[in-house]
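Heads up: the structure comes next, in structure tokens.
Numbering (the working numbering), first residue to last: 495 to 1135.
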């Protein structure tokens, strides 16, 4: 015994009601902000005290008032309310809301009686304390204890546990919980069914999600939403629209989550008209002011190349968030509106919004597409200043942008500064070398990626095959193609076939390229046939060029540039009859040829030119300068220009 107390007289404790009233009317400033306090006389009634404590604990949990919650816990123990299970459960909620897991676990162990609500509060509360796998293991350990203590789980228990499986994509445990739900006949419950559909959707098991959905007869709006989201997530637009129509025929109108999910499948021209009709339904239900729906509409219009309507929608959004800004910035970038992207970023900063990594990476990518090196460097500086360079997505976009702007040295620096390069980083760097014709560096980078344990995908193989194609590395190109198909079991796409046909053709192996084309498991696409025609032209094999051209005319009958290319090939080899035939075919097509252009960036402005262009405001001065430069060249070489 460390010490011993001796009291000369007995200490007097005040009565329970009086003491609680005195303590509660003491200044609890934070609680007083959110709820009214009863006077001292009202707190003498035990029922009033119970109601007050319940409300005070709810407020403490809602606003995460840990100190006030702890004081309330102390008062409940002191004045004999610790036996009230409903109040103890609410204290448990307070501790878990404040992420005080140790105190929550200690309180739970001290509970004399635990009902299913107590177990649910602990299991679901621990899940909200963090995303680490340790919390998931702790939840399942309590679930096992719950079963051992013969407490029957309900729909809330299973909803929380299946939610863990959704978070960690653990389909095996999810299957077991689904079987357990079937045994308890809880799989027919809408609350459990919706999270099961979500689990199967996130794991790509659409058929299983559909079976769960159809097993639930009484569906609420959440159930409809997760099923629509399942099809949207797994790129099944027809099924998503079918469920949406079925939902409306069932009498449900849908909410902002419904429409935002359906709009994600309307991002292609095939479903653009349906998306516009959906916009009408949204206007009728006055949901266009919701930022979630407005953002989905902006995405839909932008991805269908209707950036004008996307801009109009964005301008009408009264309360914007970072997601809405990102939607319009990404949309403008994908439509090639590089200047507009920079303008939007400045406007966003002016309105007090802080960009995130998606904003910065999207803006940098847009500058790369526009080959705007000055803006790319400014954004790079901004990213460094704002500590965004550490994000992999920003580093990837910088590598790609610098490469497209012609600065491979800056792309190399960005790659070296990437702390933990992922597959996209490696692929971007390989493609950058390929874009600049540096095949040796591209293949070395690819091999280094493999040695680091990074598993290549279709894009990384496309980059290295493109590098081999541009430099005529036939042996290496065939090696990587076989590596892709045989070792990594990757099914080649049109781009891979195009690279290999171009590689064989450039090296003069026209017959081998022809046999490879004939052996393709699918019909050759226009790019592949175009590469083959180009090789046939270089190596004067008009017969095979004609064979490929006839196929190309069938695939793209309205594209006049194909006829022009073949006409020029026939003309260069003096096949005048074929020239006349092809030009006759071209004359019936309405598609005009788009002239090739060159551009240069001066003073943060991109100037573009086409052949014999006189539309530029300073065209006269430019041609005068060109003439002045050509004159000494003409004198020195003795050539007539």
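Heads up, the beta-carbon is just placed ideally off N, CA and C, and yes, glycines get one too.
- Between the C-alpha atoms of residue 619 and residue 591 there is a straight-line separation of about 7 Å.
- Excluding its 5 nearest sequence neighbours in each direction, residue 1035 has C-beta neighbours in its own chain below 7 Å: 1004, listed in chain order.
- Under DSSP, residue 865 forms no beta bridge with any residue.
- In the displayed model, residue 1091 falls within a strand according to three-state DSSP.
- Residue 863 is positioned such that its CB atom lies no closer than 8 Å to that of residue 825.
- Relative to the Cα of residue 789, the nearest Cα in the group 767, 753 and 765 belongs to 753.
- Buried is the label assigned to residue 562, since at least 16 other Cβ atoms lie within 10 Å of its Cβ.
- Taking each of 695, 669, 981 and 674 in turn and checking the Cα distance to residue 648, the smallest one comes out for 674.
- Taking the Cβ atoms as the reference, residue 804 lies roughly 11 Å from residue 823, outside the contact range of under 8 Å.
- Check the Cα spacing between residue 783 and each of 641, 811, 1109 and 962: the tightest is with 811.
- Per DSSP, the beta bridge partners of residue 1104 are 1091.
- For residue 943, the enclosing alpha helix (DSSP H) starts and ends at 933-945.
- Nearest in C-alpha terms to residue 780, of all of 767, 768, 846 and 749, is 749.
- Taking the Cα positions, residue 744 is about 11 Å away from residue 712.
- Contact check for residue 615 and residue 652: beta-carbon distance about 15 Å, past the 8 Å limit, so the pair fails to qualify.
- For residue 573, the three-state secondary structure derived from DSSP is coil.
- Secondary structure remark: continuous alpha helix (DSSP H) runs of at least 4 residues inside the stretch 821-907, in chain order: 832-844, 851-863, 867-879 and 886-898.
- DSSP places residue 1041 in the uninterrupted alpha helix (DSSP H) bounded by 1036-1049.
- With fewer than 16 other beta carbons inside 10 angstroms of its own, residue 662 counts as exposed.
- Taking 8 Å as the cut-off, the beta carbon of residue 927 is found no closer than this to the beta carbon of residue 968.
- Leaving aside the five residues that flank residue 636 on each side, the residues in its chain whose CB is nearer than 8 Å to its CB run, in chain order, 613, 616, 617 and 620.
- Exposed is the label assigned to residue 1016, since fewer than 16 other Cβ atoms lie within 10 Å of its Cβ.
- Taking every protein chain shown into account, the CB of residue 622 has fewer than 16 other CB atoms within 10 angstroms, so this residue is exposed.
- Less than 8 Å divides the Cβ of residue 996 from the Cβ of residue 1029.
- The shortest C-alpha to C-alpha distance from residue 1079 to any of 1043, 1107 and 1092 is the one to 1043.
- One alpha carbon belongs to residue 974, the other to residue 959, and they sit about 7 Å apart.
- Check the Cα spacing between residue 690 and each of 676, 706 and 679: the tightest is with 706.
- At the C-beta level, residue 888 and residue 919 stay beyond 8 Å of one another.
- Of 768, 894 and 646, the smallest CA-CA separation from residue 908 is found for 894.
- Approximately 5 Å separates the beta-carbon atoms of residue 953 and residue 921; this is inside 8 Å, confirming the contact.
- Contact check for residue 525 against residue 543 fails: the beta carbons are separated by 8 Å or more.
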